[in-house]
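Everything below concerns the one structure shown next.
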Amino acid sequence: MGSRLLIASIVLFCLSETCHGEVHFSSLKRTLTVGASPKQGAVLKAGDDKITVTWGLNQSFPAGTDALYKKIKVKLCYAPISQKDRAWRKTVDILKKDKTCQFAIVARPYDMSKKDQSFEWTIERDTPTATYFVRAYAYSSTGEEVAFGQTTDSQKTTNLFDIQAITGRHASLDIASVCFSVFSVVSLFGFFFIEKRKAKSSTKN
Ligand SMILES: *[C@@H]1O[C@H](CO)[C@@H](O)[C@H](O)[C@H]1NC(C)=O
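For the sequence shown, the residue numbers in mature numbering (1 follows the signal peptide of the UniProt record, and there is no 0) are -21 to -1, 1 to 184.
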């Protein structure tokens, strides 16, 4: 009786914790071919520029390798140079704790019938200035990562590109335009007030 309970609780624990959801990046097979339009070293502008991403099964793997893939998520990921001294962008092998790929580009059901799929993404306005690459994860029906692919090599040194944040480029313009609007409203009221006083004093005389 007691041992059954023990086994049951171990199984439950397994289902809820360790056996489930602790997917390690190092355990994933690189079976996807992933492409992104920016050339090595390109500098793109957040909020303006577009990135076309493509993904599909690497054709050197046998057909059916992707039989269990249900969903694909393509993400924008920090290159090592932009993770240095930044714990909040750290790479952790346990994927739930990994901070490498914080920006979702697109999520789609996985389509086995297509060799290649693509998506055009306008870089989100709040993307910070950094060096990036693109990675795609394949998910099983239980929502766990089962495979991946990326635009860079395993050391994350090739095919990296830069994104420039809006701050400092557009932000100063935005501030300037707000200042001008406030100034014009204030001066409009100012002139209105002066005119009114003038009108008043001229009727008195
Ligand atoms: C496809 O997989 C093979 C074997 O792992 C690898 O050598 C090759 O570079 C991959 N091709 C692409 C385009 O990712």
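In this text, a Cβ means the ideal position worked out from N, Cα and C, and glycines have one as well.
* Helix, strand or coil for residue 102, going by three-state DSSP, please let me know. => Here residue 102 corresponds to residue number 123 of the sequence shown, with the count starting at 1. Correct three-state label for residue 102: coil.
* Going by the CB atoms, is the gap between residue 96 and residue 12 shorter than 8 Å? -> One-based indexing of the sequence shown puts residue 12 at position 33. One-based indexing of the sequence shown puts residue 96 at position 117. Not a contact, by the Cβ cut-off of 8 Å.
* **Straight-line gap, residue 139 to residue 18 (C-alpha atoms, nearest Å)** => In the sequence shown, residue 139 corresponds to position 160, counting from 1. In the sequence shown, residue 18 corresponds to position 39, counting from 1. Going from the Cα of residue 139 to the Cα of residue 18 covers about 8 Å.
* **For review: beta carbons within less than 7 Å of any heavy atom in ligand 1** => Applying a distance threshold of 7 Å between residue Cβ atoms and the heavy atoms of ligand 1 selects 9, 12, 37, 39, 40, 128, given in chain order.
* Can you name the start and end residues of the beta strand (DSSP E) that residue 58 belongs to? -> One-based indexing of the sequence shown puts residue 58 at position 79. Segment: none, residue 58 is in no beta strand (DSSP E) and carries neither H nor E.
* Quick one, are the C-beta atoms of residue 49 and residue 84 less than 8 Å apart? -> By 1-based counting over the sequence shown, the position of residue 49 is 70. By 1-based counting over the sequence shown, the position of residue 84 is 105. The answer is no: Cβ separation not under 8 Å.
* To do: Give me whichever residues DSSP pairs with residue 94 in a beta bridge.
  => Here residue 94 is taken as the residue at index 115 of the sequence shown, counted from 1. Per DSSP, none; premise fails for residue 94.
* Asked: From residue 90 to residue 61, what distance separates their C-alpha atoms?
  -> Position 111 of the sequence shown, counted from the start, is the residue given in the question as residue 90. Position 82 of the sequence shown, counted from the start, is the residue given in the question as residue 61. One C-alpha to the other measures close to 33 Å.
* To do: List the DSSP bridge partners of residue 112.
  => Mapped onto the sequence shown, residue 112 falls at position 133. Residue 112 is bridged to 56.
* What's the gap between the Cα of residue 5 and the Cα of residue 114? -> Taking the first residue of the sequence shown as position 1, residue 5 is located at position 26. Taking the first residue of the sequence shown as position 1, residue 114 is located at position 135. Roughly 14 Å between the two C-alpha positions.
* Identify whether residue 9 lies in helix, strand or coil by the three-state DSSP scheme. => Taking the sequence shown and counting its residues from 1, one reaches residue 9 at position 30. In the three-state DSSP reduction, residue 9 falls in the strand class (E or B).
* Asked: Is residue 124 helix, strand or coil when you go by DSSP?
  -> Taking the first residue of the sequence shown as 1, we reach residue 124 at position 145. In the structure shown, residue 124 sits in a strand (DSSP, three-state: E or B).
* **CB contact flag (residue 116, residue 103, <8 Å)** => Counted from its first residue, the sequence shown places residue 116 at position 137. Counted from its first residue, the sequence shown places residue 103 at position 124. No, these two residues do not count as a Cβ contact at 8 Å.
* Asked: Cα-Cα, which of 112, 169, 131, 132 is closest to residue 23?
  -> If you number the sequence shown from 1, residue 23 lands on position 44. Of the candidates 112, 169, 131, 132, the one whose C-alpha sits nearest the C-alpha of residue 23 is 112.
* Using DSSP with H/G/I as helix, E/B as strand and the rest coil, what is residue 23? -> Position 44 of the sequence shown, counted from the first residue, corresponds to residue 23. If DSSP states are grouped into helix, strand and coil, residue 23 belongs with the strands.
* To do: Please say whether residue 63 and residue 71 have beta carbons closer to each other than 8 Å?
  => Here the question's residue 71 lines up with position 92 in the sequence shown. Here the question's residue 63 lines up with position 84 in the sequence shown. No, they are not a contact pair.
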